[in-house]
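Be aware that the sequence shown starts at 1, since it is given in the UniProt record's numbering, and climbs by one per residue. Think of the CB as a built atom: it goes at the ideal place given N, C-alpha and C, for glycine as much as any other residue. Predicted, not measured: the structure shown is a model, and the values here were computed from it. The structure appears right after this line, and notes come after that.
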Amino acid sequence: MLPGRDVLLAAFRGLPHDDHPILHAAGELALLHQLRVRAPLSEAERIDRRRAQLMRSIDRWVILAAPVPHAAADEHCETLGGLVDRLAAHCSQAFVALAGAPESVHRDEWVRLDDLADSYERLIDDLWSGIRSLPANTY
Numbered sequence: 001m002l003p004g005r006d007v008l009l010a011a012f013r014g015l016p017h018d019d020h021p022i023l024h025a026a027g028e029l030a031l032l033h034q035l036r037v038r039a040p041l042s043e044a045e046r047i048d049r050r051r052a053q054l055m056r057s058i059d060r061w062v063i064l065a066a067p068v069p070h071a072a073a074d075e076h077c078e079t080l081g082g083l084v085d086r087l088a089a090h091c092s093q094a095f096v097a098l099a100g101a102p103e104s105v106h107r108d109e110w111v112r113l114d115d116l117a118d119s120y121e122r123l124i125d126d127l128w129s130g131i132r133s134l135p136a137n138t139y
């Protein structure tokens with residue numbers, strides 16, 4: 001099974017979690033987003049390459065582990081790796097960059113993060129029930 005939203009959010013924060021390849025990738029993606037904010041432009045390309053590798057590894061794992069979708073399954077607009085990367089970026093922003101931000105800005109970011117985490121949860125449920133497929137995407 002794919003890790004649920006709460007376990008995934010905890011992995012972004014570096015909290016202990018089950019030994020799962022998606023959780024390991026998620027934790028590293030969150031760290032890379034934190035690094036990218038502070039890194040010089042010359043390091044950005046290296047960081048982005050590593051992020052793409054992690055997204056691909058998530059997508060490969062899901063392709064191998066998830067049930068084959070029904071023939072009429074709707075295709076999701078992004079890969080699971082892409083969604084996990086976006087969640088990592090929002091977590092990084094919510095936990096680090098917005099620490100000193102005004103309360104209203106912080107609250108708005110938490111609402112966006114919660115909505116995106118709900119999208120992740122719906123997607124993994126749909127993948128496991130076979131009613132959703134993922135796009136074949138290259139990074």
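{"Asked": "Residues of its chain near P3, where Cβ-Cβ distance is below 7 Å and the 5 sequence neighbours each way are ignored", "Found": "H20, I22 and L23"}
{"Asked": "Cα-Cα separation, A65 to I58", "Found": "10 Å"}
{"Asked": "Within 8 Å, strictly: CB atoms of A44 and R51", "Found": "no"}
{"Asked": "Option in P40, R13 and R60 with minimal Cα separation from A136", "Found": "R60"}
{"Asked": "Cβ pair residue 140, D18 closer than 8 Å", "Found": "Lying outside 1 to 139, the shown extent of the chain, residue 140 is not represented and no answer is given."}
{"Asked": "I131 classed as buried or exposed, judged by whether at least 16 other C-beta atoms fall within 10 angstroms", "Found": "exposed"}
{"Asked": "Span of the alpha helix (DSSP H) around I131", "Found": "Run containing I131: none; DSSP gives neither H nor E here."}
{"Asked": "Beta-ladder partner(s) of E75, from DSSP", "Found": "S133"}
{"Asked": "CA nearest to the CA of L123, picked from E28, R46, R107 and E75", "Found": "E75"}
{"Asked": "Buried or exposed (CB count within 10 angstroms, at least 16 for buried), residue 202", "Found": "Outside the displayed span of the chain (1 to 139) sits residue 202, for which this structure offers no information."}
{"Asked": "Check whether C91 and L113 have beta carbons under 8 Å apart", "Found": "yes"}
{"Asked": "Alpha carbon of L41 to alpha carbon of R49, nearest angstrom", "Found": "13 Å"}
{"Asked": "Where the alpha helix (DSSP H) containing Q53 begins and where it ends", "Found": "L41 to A65"}
{"Asked": "Classification of H70 by the beta-carbon crowding that lies within 10 angstroms, buried from 16 upward", "Found": "exposed"}
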